[in-house]
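Offset between the sequence shown (1-based) and the working numbering: plus 475.
Even glycine gets a Cβ: it sits at the ideal position worked out from N, Cα and C.
A quick note: this is a predicted structure, and the numbers were derived from the prediction, not measured.
These notes are about the structure you will find just below.
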Amino acid sequence: MSFTPLRSRSRNLYTWFATRPDLFVSERSPRKSATWLVIAGLMVVVMLLVYLNPEATVELLGGRVRSGLAIAGAFFLPPAVFVAAIVMFFVSARRWRIKGGGVLTNPVIHGVAAGFPLDQALSTLQRGSSDSAGIVAALKDVIAHRGDDRLLTIWTSDADRAMYIGVIRVAGKEFWIDSEPLALDPVLFFDAKDLDLAAMREQAGLGGR
């Protein structure tokens, strides 16, 4: 079955998750939602203090002549941040989970330079827990060839022993998912964060795990 390339809004697999409602569901992240609401609330408090006491605000900032830019910022920045926080609350405070299962996290994402044979690393990753040493070596090689041509990204749900390995192509300010992300057999599930940390330590010359 052919795969139609997907343009992603950012460096993640959310666009692909959205095409597979049989596998994934989207939901609001309580932590992110709370964070943006707190920021919005703080901006409301700042706006009230500034707008209800304009003369005191100007005086506090050193007068109209000496602190023109600071005064402008005090009056116009809080509402701008408030609007941005509300937008982020509705747009960015979301996460994806396995349908009927756990939340997906993104423990591994690395950018590689043009020309790097990423297919070899993908083949090794697909061997999963049966080749932990090979995975560390493959990730170490990926880290050694840092760049921004393509992104290797791994998404997991430990509770479901689910893992999806994807590649995102970077084209200027655009991100493209050119091929179907790989689903790892649950039997081969491995701790991606732990092995990635081991690879980074080895690449940095810090020895074993």
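Quick one: Cα of residue i to Cα of residue j, how far?
i           : j           : result
residue 598 : residue 559 : 42 Å
residue 502 : residue 591 : 36 Å
residue 530 : residue 522 : 14 Å
residue 516 : residue 510 : 10 Å
residue 658 : residue 479 : 17 Å
residue 688 : residue 569 : The structure shown has nothing for residue 688, since the chain only spans 476 to 684.
residue 540 : residue 492 : With a pLDDT of only 45 at residue 540, under the threshold of 50, the placement of this residue in the model should not be trusted; the figure read from the coordinates follows. Rounded to whole angstroms, residue 540 to residue 492 spans 54 Å at the Cα level.
residue 664 : residue 555 : 45 Å
residue 649 : residue 484 : 8 Å
residue 489 : residue 618 : 24 Å
residue 585 : residue 604 : 20 Å
residue 656 : residue 553 : 41 Å
residue 512 : residue 606 : 44 Å
residue 680 : residue 622 : 20 Å
residue 647 : residue 499 : 29 Å
Taking a contact to mean a Cβ-Cβ separation below 9 Å, would you say residue i touches residue j in this structure?
i           : j           : result
residue 624 : residue 589 : yes
residue 596 : residue 614 : yes
residue 482 : residue 651 : yes
residue 562 : residue 626 : no
residue 507 : residue 582 : no
residue 487 : residue 640 : no
Could you give the C-beta distance for residue i and residue j, rounded to a whole number, given that I count them as a contact under 8 Å?
i           : j           : result
residue 579 : residue 654 : Between residue 654 and residue 579 the Cβ distance is about 19 Å, and since that is not below 8 Å, they are no contact.
residue 518 : residue 557 : 4 Å
By Cβ distance, which residues of its chain are closer than 8 Å to residue i, with the 5 residues on each side in sequence left out?
i           : result
residue 635 : 573, 576, 577, 661
residue 609 : 599, 602
residue 593 : 587, 617, 625, 627, 642
Go ahead and label residue i buried or exposed: buried means 16 or more other beta carbons lie within 10 angstroms of its beta carbon, across all protein chains shown.
i           : result
residue 670 : buried
residue 477 : exposed
residue 527 : exposed
residue 505 : exposed
residue 525 : buried
Among the residues of its own chain, which have a CB less than 6 Å from the CB of residue i, if the five just before and after it don't count?
i           : result
residue 629 : 583, 640, 667
residue 677 : 615
residue 571 : 492, 499, 501, 579
residue 520 : none
Starting from the C-beta of residue i, find all residues in its chain whose C-beta is less than 7 Å away, skip the five residues before and the five after it, and write them out in chain order.
i           : result
residue 620 : 587, 588, 591
residue 675 : 618
residue 645 : 623, 624, 625, 626
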